[in-house]
Amino acid sequence: MKKNILLFILIVFAYNLNAQRLDPLRTKDFDAQNVWVDSIMSTMSIDEKIGQLFMVQAYSNLDKKHEEFITEMIAKYHVGSLIFMQGTPQKQAQLNNKYQDTAKVPLLIGFDGEWGLDMRLDSTYRFPWNMTLGAIKNDALIEQFGKHLGQHAKRLGIHVNFAPVIDINVNPENPIIGNRSFGESKKNVTQKAIAFIKGMQSEGVLANGKHFPGHGDTAADSHHTLPVLNFDLARLDSIELYPYKKTFDVGLASVMTAHLNIPSLESDANLPTSLSKSVVTNLLQQQLGFQGLIITDGLNMKGATNYATSAEIDLAAIQAGNDLLLIPQDVPASVSLIKTALKMHTLTEEHLDFSVRKILKAKYWAGLHNYKPIVLDHLQEDLNRVEDELLHRELVKNSLTVVKNNDLSLPVRTLENKKIAYVKLGDAENNAFVNMLKNYTKVEVVSDKNLNGIIKKLKPYNYVIIGFHKSNLHPWKSYKFSNKDLVWLQEIARKKKVVLDVFTSPYSLLQIKSFKNIEGVVVSYQNSKLAQELSAQMLFGAFEANGKLPVSIGDNFKEGFGITTSNLSRFEYTIPEAVGMSSKKLVLIDKIADTIMDEKMAPGFQVFVARNGKVVLEKSYGYHTHDKKIKVKNTDVYDLASLTKILASLPLIMKAEEEKKISLSASLRDILPSFSNSNKDTVTVKEILSHFGRLKAWIPFYLETQDSISHKNLSVFYRKKKSNIYNIKVAENLFLNKHYKDSIYKHIKKVDQRDSEGYKYSDLGYYLFKEALEAKYQKPLDKLVDDEFYKSLGADRTTYLPLKKFTKNQIVPTEIDTYFRKQLLQGYVHDMGAAMLGGVGGHAGLFANANDVGKIMQMYLQKGFYGGKRYLKSETIDKFNRRYYSDKKVRRGLGFDKPQLNPDVKATCGCVSEESFGHSGFTGTYTWADPKSGLVYVFLSNRVYPNMENIGLLKSNMRTKIQEVIQDAIVD
942 MKKNILLFIL IVFAYNLNAQ RLDPLRTKDF DAQNVWVDSI MSTMSIDEKI
992 GQLFMVQAYS NLDKKHEEFI TEMIAKYHVG SLIFMQGTPQ KQAQLNNKYQ
1042 DTAKVPLLIG FDGEWGLDMR LDSTYRFPWN MTLGAIKNDA LIEQFGKHLG
1092 QHAKRLGIHV NFAPVIDINV NPENPIIGNR SFGESKKNVT QKAIAFIKGM
1142 QSEGVLANGK HFPGHGDTAA DSHHTLPVLN FDLARLDSIE LYPYKKTFDV
1192 GLASVMTAHL NIPSLESDAN LPTSLSKSVV TNLLQQQLGF QGLIITDGLN
1242 MKGATNYATS AEIDLAAIQA GNDLLLIPQD VPASVSLIKT ALKMHTLTEE
1292 HLDFSVRKIL KAKYWAGLHN YKPIVLDHLQ EDLNRVEDEL LHRELVKNSL
1342 TVVKNNDLSL PVRTLENKKI AYVKLGDAEN NAFVNMLKNY TKVEVVSDKN
1392 LNGIIKKLKP YNYVIIGFHK SNLHPWKSYK FSNKDLVWLQ EIARKKKVVL
1442 DVFTSPYSLL QIKSFKNIEG VVVSYQNSKL AQELSAQMLF GAFEANGKLP
1492 VSIGDNFKEG FGITTSNLSR FEYTIPEAVG MSSKKLVLID KIADTIMDEK
1542 MAPGFQVFVA RNGKVVLEKS YGYHTHDKKI KVKNTDVYDL ASLTKILASL
1592 PLIMKAEEEK KISLSASLRD ILPSFSNSNK DTVTVKEILS HFGRLKAWIP
1642 FYLETQDSIS HKNLSVFYRK KKSNIYNIKV AENLFLNKHY KDSIYKHIKK
1692 VDQRDSEGYK YSDLGYYLFK EALEAKYQKP LDKLVDDEFY KSLGADRTTY
1742 LPLKKFTKNQ IVPTEIDTYF RKQLLQGYVH DMGAAMLGGV GGHAGLFANA
1792 NDVGKIMQMY LQKGFYGGKR YLKSETIDKF NRRYYSDKKV RRGLGFDKPQ
1842 LNPDVKATCG CVSEESFGHS GFTGTYTWAD PKSGLVYVFL SNRVYPNMEN
1892 IGLLKSNMRT KIQEVIQDAI VD
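Quick note: the sequence shown, position 562, residue 1503 per our numbering, numbers continuous.
Right, dumping it as structure tokens:
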């Protein structure tokens, strides 16, 4: 007993040391603040003073009757504060202005916006919950979060935001705090709270620390009952009160008192702490020295309403030392009872004046001495800014936490040997996660109604990502695994390499009895679209995981633990402003798109833009064909035409040059001995790559296989059915004699060279490179480039012969061929020569979507490095990305096209650097990369639909006009 008394004395002494804290409501112009407060106090009646004590609940989604009720509260009962609840920002702003006009003294407007205005209002911005933010190491981000909430509140005329929650959530079963807390560590909670408070109050909005003296260690909800906290003073001082003392030191403006039963602080078991003078006056004000505004928790909550009548509760709250009554239930009765208490001297007028002065000081602090109505114009845009999206992304990125990473399972590194499956657990939406995973490589969604079925379906896969998705509607939603989910998780993990990603509270992991068979565990905290997308990106190494657990998961993972993962330099998917570009300027692409489709330059197309390794635009427009039956999707593949040269042949030539299998100075006879003693035998690899080898532009080989008069395909060359001799599939039900391939190369060998030296674009050299590469590596070109580049790049939608890999609906048609194959070409290469090689040409034949083309171009831009792997040496990229015959007016590098030397020839927009490089394709494709600006641009279309005479896209330079828009969108 003596020990406890001594401890209490020591604690009281420690509290009293802090009793002289500065007044957080005092402004820099202190004298002017006092003059304003005094001038109002001097004119106020007792009724008007009492009215200042109430903060009444107001809605912007109710009827006129409610509006009349609020107006009456202000006009008749002089209510001095409102807390707005559900509704819309536009309506709330209108009502705010209306109610302020009614008030004699400007109203103090409160709002419950812990994670943003979205907590109560439609069409406003939602930031992450506190538990998510608790995982972030960088407190400067939390301060920015506070600033943004303050800016939103200020814009909507809100003066007090009831945040942050500074309860320390040490009880995983807490039903009302949980995700609303920064975590279980008193130091982490305090640091986050201080950062938040500094940020929000810097914008002139009062922060509110809640729920005093601490609601974190309870399994009861004070909305429904009175929770009991049986802790002694030493425990309360060490844990619950710690963040309050620290936040008072930095000027926390207001505190919310909680409806709790804490016997060590209040002996009356029925009296909530919010109504206890021992807690509110003795502890909070006198011992802790808090001089800011003290506001009750909602007086409509069962933790308070079970105590007495509404009026008695309100009076008790004021007598206890609270300044503001939040959501009083009976203002008229409370006013009457308070006046009676003043007459009976159970409440003094000095006490009343003390609270009213604090409320008025708070109003001055919030700028209400210079009240201005809310401007309604552009309100929606101001509350949903691109700056908010940028901050949200940074918050989520920095929260993602890896708590287990056996065998360096994360991030996913080598893709060429991975067969990846995704399995969903939980009952919430998961599309954003799955779609983003598929941006990196082939990921199959595997599902079944029973466990045996799913185990069977997973047999071919050696890497399984399990996503556990729970509702993100609000932080009180259940986060728990079902028994079925737990069984499935363990059984899948027992047989397969598994990475578990939980899109809910980290407390969900407490249900997992053993993590032995689970190689990787990621906590993504919430199931928002952004959390899903960014978590998928982190899994593939677009950026590091840096988060730390804000709570402990039993003995398995302690609070503060988190494994930092690697950045593999794969694409990150974000918004233009993240890389110094303007979304508004990029919208001009949509207008160009309308022109392209309205004038039928192409039925549809894809546009892809990345800067500095971050994808900022990946958009599909229009349809597969002009009949508008199938919309173009980002995953659809296009015939790349001559982009094949730099996306298939060129990387292999670079590799061969590095490995000394093909030298740039080598002649044709060196790389293809069959060309010895031909008119091309001395033409060098460098000359061919630069289109300076005097080769003819192209040869229409197919004409030699047709009747010269009827233009019908000759039966000696073609059959409708495949056989041993007719086994080169040129198109649907059209097979070419296998011996004709030799004729193609003989024709190239014998055809005359051009007479004049100089630049002339030619396909023929790439027919020859195909032969040389296949001979050097003893593999077909399609297999070779897939093994060496595409598989490990995650370019799973890049392929020759796409019908072997994709359904027709995933392949955009090119031309309605009326001259050779006499059919719609869909999945068969448009280029006639490549078709006669069976669809695999060095110059054409490749199909891909824009995202995959972007990966290959980014690999070039990163000097041969991508996804944690070096494909080519930096010096090799430099060697090929330069002109060798510019003195001969050859603009080309080695394989790569370069910016125009002749201003009349529009290879680019004329707005890119000399270091830039790319290529265009006959079917309406284009890609360009610029090391100086960090841009990668891809445009894929089927402009040859319905036929190749459709040249509007080329004549109007639409591809380079879009390139100019992209370049102009750079604002940094």
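Where is the CB? At the ideal position from N, CA and C, for every residue including glycine.
On the DSSP bridge list, what partners appear for Glu1385? Glu1385 pairs with Ala1362.
State the start and end residues of the unbroken beta strand (DSSP E) segment that holds His1156. Careful: His1156 lies outside any beta strand (DSSP E) and carries neither H nor E.
Tell me the rounded alpha-carbon separation between Ala1776 and Gly1786. About 8 Å.
What are the complete beta strand (DSSP E) segments, minimum 3 residues, inside the stretch 1413-1476? Runs found: 1439-1444, 1461-1464.
Beta carbon of Val1101, beta carbon of Leu1049: below 8 Å? Going by C-beta atoms, Val1101 is nearer than 8 Å to Leu1049.
Can you tell which of Val1573, Thr1382, Leu1351, Lys1379 has the C-alpha that lies nearest to the C-alpha of Asn1487? Comparing Cα positions, the closest option is Leu1351.
Of all the options Ser1590, Thr1585, Gly1706, which has the alpha carbon lying nearest to the alpha carbon of Thr1623? Out of Ser1590, Thr1585, Gly1706, Gly1706 has the C-alpha closest to the C-alpha of Thr1623.
Proximal residues to Ile1797 (C-beta, below 6 Å), its chain only, five neighbours per side dropped: Cβ neighbours of Ile1797 beyond the five flanking positions: Leu1588.
Name the DSSP bridge partner or partners of Gly1563? Gly1563 pairs with Gly1545.
Check each candidate in Ser1469, Leu1003, Ala1261 and name the one with the smallest Cα separation from Gly1028. Gly1028 has its Cα closest to that of Leu1003, out of Ser1469, Leu1003, Ala1261.
Taking the alpha-carbon positions, what's the Thr1237 to His1415 distance? Whole-angstrom Cα-Cα distance: 23 Å.
Per-residue DSSP class, three states only, for Asn1575: Shown here, Asn1575 sits in coil according to DSSP, grouped into three states, outside any helix or strand.
So, under 8 Å CB-CB, Ser1861 and Ser1874 are touching, yes? Tell me the CB distance rounded to an integer number of Å. Between the beta-carbon of Ser1861 and that of Ser1874 there is about 19 Å, and that puts the pair past the 8 Å contact cut.
Paired residues, beta bridge with His1860 - DSSP: According to DSSP, His1860 bridges with Thr1868.
Could you tell me the alpha carbon to alpha carbon distance between Lys1280 and Asn1129, rounded to whole angstroms? Using only the alpha carbons, I get a separation of about 45 Å.
For Ala930, the nearest candidate out of Phe1502, Val1550, Thr1506 (CA to CA): For the chain, the structure presents residues 942 to 1913; residue 930 sits outside this window and is missing.
Cβ shell of Leu1256 (< 6 Å), same chain only, five flanking positions each side left out: Once the five neighbours on either side are set aside, the close Cβ partners of Leu1256 are Leu1278, Ile1279, Ala1282.
For Asn1102, the residue or residues it bridges with in DSSP: According to DSSP, Asn1102 bridges with Phe1052.
Across which residues does DSSP place Val1196 in a beta bridge pair? Gly1150, Ile1235.
In whole angstroms, give me the CA-to-CA distance for Asn1071 and Lys1418. Each residue's Cα considered, the two are about 15 Å apart.
What are the residues that DSSP puts in a beta bridge with Phe995? Answer is Leu1266.
Please classify Leu958: does DSSP put it in a helix, a strand, or coil? Interpretation of Leu958 is limited by its pLDDT of 44, a score under 50 that renders its predicted location unreliable; no figure is taken from the coordinates.
Give the range of the alpha helix (DSSP H) segment to which Phe1633 is assigned. Premise fails: Phe1633 is in no alpha helix (DSSP H) and is neither H nor E.
Assess, as a yes-or-no matter, whether the stretch 1723-1741 is touched by the stretch 1356-1367 under the definition of 3 or more beta carbon pairs within less than 8 Å. Enough Cβ pairs lie closer than 8 Å, so yes.
With distance defined between alpha-carbon atoms, name the residue in Pro1872, Tyr1708, Phe1498, Val1337 nearest to Phe1449. A small fix is needed here, since residue 1449 is Ser in this sequence, not Phe. Minimum Cα distance to Ser1449 is reached at Phe1498.
Start and end residues, beta strand (DSSP E) containing Ser1022: Run containing Ser1022: 1022-1025, per the beta strand (DSSP E) assignment.
Measuring CB to CB, does Tyr1681 end up less than 8 Å from Phe1658? In this structure, Phe1658 lies closer than 8 Å to Tyr1681 by Cβ.
So Leu1588 is in the beta strand (DSSP E); what residue range does that whole segment cover? No beta strand (DSSP E) holds Leu1588; DSSP gives it neither H nor E.
What's the gap between the Cα of Phe1916 and the Cα of Leu966? With the chain covering only 942 through 1913, there is no way to say anything about residue 1916.
Paired residues, beta bridge with Tyr1686 - DSSP: Per the DSSP secondary-structure output, Tyr1686 pairs with nothing in a beta bridge.
Roughly how many angstroms separate the alpha carbons of Gly1503 and Ile1911, rounded to a whole number? Straight-line Cα distance between these residues: approximately 36 Å.
Taking C-alpha atoms, which residue in Trp1306, Thr1740, Thr1445, Glu1144 lies nearest to Leu1366? Answer by Cα proximity: Thr1445.
Hey, which unbroken runs of the alpha helix (DSSP H) at 4 residues or more fall wholly within the stretch 1786-1843? Whole alpha helix (DSSP H) segments, 4+ residues: 1791-1802, 1815-1821.
Check whether the stretch 1713-1727 touches the stretch 1801-1818, counting contact only when three or more Cβ pairs, one atom from each stretch, lie closer than 8 Å. With the cut-off at 8 Å, the stretch 1713-1727 and the stretch 1801-1818 do not touch.
Between the CA atoms of Ala1607 and Leu1709 - distance to the nearest angstrom: C-alpha separation (whole angstroms): 13 Å.
Using a Cβ-based criterion (distance less than 7 Å to any ligand heavy atom), does Lys1365 qualify as near the ligand NAD? Looking at this structure, you won't find the ligand NAD or any other ligand, since it has none at all.
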